[in-house]
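Heads up, the thing below is written out as structure tokens.
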Amino acid sequence: MSPILRRLIPPTLLLSLAVASCGDSQGTALRSAFLKELAGDVALPTYRDFSTRTETLAGALTALEATPTETTLTEARAAWRETRGAWLRQEAFRIGPAEERHTSAAVNQVPSTTGIDSLLAEDTPLTETSVAEQGANRKGMLAIEYLLFDAAALEESNAGTRRRTYLKALGAVLRTEAAAVLAAWEPEQDNYVAQLSTAGNDGSTYATQKEAVDTVVNRLIFSVEVAEQKLSKPLGFETGGTVRPELEEARRSDNSLKDLENAVLGMERVWLGANGSGGLSKVVAATNKQVDETVRGDLAAVRSALEAIPPPLRTALTNDRESVENARAALATLRATLASEVVSNLGVTLKFNDNDGD
């Protein structure tokens, strides 16, 4: 749990978080249905989508390396954006295998531009194997963004050729990571779908349903906080109010607002389910419809506030700061509702998160 979240929650609530909500058969059945839906109908298709899109991206980067033209560059950038969207839609339920493999660090680490430039300046081979061995800040989606969304991506020089070779290797490494996480979820392989779906039963990683629900709710709250920080940091909330455009995460591609919209879509799928009529909403509404309605309203407010920001974010930070602050405030409200009312309703135990700053 982050310092922000700890300051938000009253001590009296912290003392009562472990108190379980209704333990009747209806509650057990609802939680069971929720976990099955989340695993099989929400998470698994999203991980499959991400894996498929990384394959397309890897192919596009290979094509760019072989034939560097405006067309192949445009196609590679479009493939990156599609892959990026699939990645962000996982944010709210990136649990289990992704945590064990530290997938967030492997896929979405803030890049060391000096480290990447240094590697480009060397003459060591840039293969999938050699790039996979690099530190997390020299690979992943944001490293690809740094290299791809730059005019140098089409340079005919040796430096341009090496850049494209690096991009091809980065795409292959990303594809391999996505495939490995998907394999951990797939029913015909490591079958984490069953681990989550059967929480509380023999053979599941989760000894109780509560443990599984706790994991999901903690991740959901964390994902909201991550989204909030993606606005707080460039707004300068942590540095005295001075706008820090260099802290915008996907600034080179101007994809930051789309990132946030996709992250919110993932949150909505956790709360509302795959078709909008299930999810945690159904579990919470069974005992407190008002809490469910509050979360629904908060989610709608976040989406509306994000849509009101004139793109791209880098210009809105200064030209329409109020709209960005409104979106940040809407995320803070959603986080507060989840961390207090939802946690209390479900009897969730909030946990410290070792992946703060994901």
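Residue numbers (full-length UniProt numbering): 1 to 358.
The C-beta atom is built at its ideal place from N, Cα and C for all residues, glycine as well.
CB contact flag (residue i, residue j, <8 Å)
i, j, result
"Leu306", "Leu260", "yes"
"Gln90", "Leu142", "no"
"Gly266", "Ala33", "no"
"Glu70", "Arg164", "no"
"Val217", "Leu334", "no"
"Arg101", "Val181", "yes"
"residue 361", "Leu196", "One cannot answer for residue 361 here, as it falls past the ends of the chain, which runs 1 to 358."
"Pro245", "Leu154", "no"
"Glu82", "Arg48", "no"
"Val193", "Arg31", "no"
"Asn345", "Asn275", "no"
"Ala106", "Gly140", "yes"
"Thr349", "Thr294", "no"
"Val342", "Val302", "no"
"Thr124", "Val243", "no"
Burial state of residue i, where buried means 16 or more other Cβ atoms lie within 10 Å
i, result
"Thr46", "buried"
"Ala60", "buried"
"Pro234", "buried"
"Phe50", "buried"
"Gly135", "exposed"
"Ala263", "buried"
"Arg269", "buried"
"Gly203", "exposed"
"Phe222", "buried"
"Asp292", "buried"
"Gln290", "exposed"
"Thr215", "buried"
"Ala18", "Any reading at Ala18 must be qualified, since the residue scores a pLDDT of 37, below 50, and its modelled position is unreliable; no value is offered."
"Gln229", "buried"
"Pro11", "Any answer about Pro11 is weak, because its pLDDT of 46 lies below 50 and its placement is not dependable; what the coordinates show is given next. Label assigned to Pro11: exposed."
"Ala121", "exposed"
"Arg321", "exposed"
"Asn326", "buried"
"Gly23", "Caution applies to Gly23, whose pLDDT of 45 falls short of 50 and renders its modelled position unreliable; the value that the coordinates give is listed next. Under this definition Gly23 is an exposed residue."
"Ala250", "buried"
"Ala159", "exposed"
"Thr161", "exposed"
"Glu156", "exposed"
"Ala339", "buried"
"Pro29", "What sits at residue 29 in the sequence shown is Ala, not Pro. Counting Cβ neighbours within 10 Å, Ala29 comes out exposed, since fewer than 16 surround it."
"Ala58", "buried"
Neighbourhood of residue i by C-beta, 7 Å cutoff - its chain only, sequence neighbours within 5 removed
i, result
"Glu238", "Ser232"
"Ala20", "With a pLDDT of 39 at Ala20, under the threshold of 50, the predicted position of this residue should be treated as unreliable, though the coordinate-derived value follows. Correct list, in chain order: Lys210, Gly347."
"Glu248", "Pro234, Ser256, Leu313, Arg314"
"residue 389", "The structure shown does not extend to residue 389, since the chain is modelled only from 1 through 358, so no value can be given for it."
Residue i: CB within 7 Å of a non-hydrogen atom of the ligand HEM
i, result
"Ala29", "Judged by which ligands are present, the structure shown has none, so any question about the ligand HEM falls away."
Residues near residue i by beta carbon distance below 6 Å, same chain, minus five either side
i, result
"Thr208", "Gly200"
"Ala63", "Thr72"
"Ala179", "Ser51"
"Ala98", "Val181"
"Leu35", "Leu196, Ser197, Ala199, Ala212"
"Arg126", "Sequence inspection shows Leu at residue 126; the Arg mentioned does not correspond to that position. Thr165, Tyr166, Ala169."
"Asp254", "Pro312"
"Ser304", "none"
"Thr56", "Ala79"
Close beta carbons around residue i, own chain, < 8 Å, minus the five adjacent residues each side
i, result
"residue 359", "With the chain running from 1 to 358 in the structure shown, residue 359 is simply not present."
"Leu15", "Unreliable positioning characterises Leu15 in this predicted model, as indicated by a pLDDT of 36, which lies under 50. A coordinate reading is not provided."
"Arg138", "Pro111, Ser112, Gly115, Ile116, Leu119, Val131"
"Gly27", "Ser21, Val283, Ala286, Thr287"
"Arg252", "Glu145, Tyr146, Phe149, Asp150"
"Thr103", "Arg94, Pro97, Glu177, Val181"
"Glu37", "Gly273, Ala274, Gly278, Gly279"
"Ala183", "Gln189, Asp190"
"Ala152", "Ala159, Gly160, Arg163"
Any chain C beta carbon closer than 8 Å to residue i
i, result
"Arg335", "Protein chain content of the structure displayed is limited to a single chain, and chain C is not contained in it."
query: Counting pairs of beta carbons, one from the stretch 38-45 and one from the stretch 273-283, are three or more of them closer than 8 Å?
result: Yes: at least three Cβ pairs fall under 8 Å.
- request: May I ask you to verify whether the stretch 68-77 touches the stretch 186-202, counting CB pairs closer than 8 Å and requiring at least 3?
  value: No, because fewer than three Cβ pairs between the stretch 68-77 and the stretch 186-202 fall closer than 8 Å, the two stretches do not touch.
field: Cβ contact (3+ pairs, closer than 8 Å) linking the stretch 329-338 and the stretch 289-308
entry: yes
query: Any chance the stretch 137-155 sits against the stretch 104-121, with 3 or more Cβ pairs inside 8 Å?
result: yes
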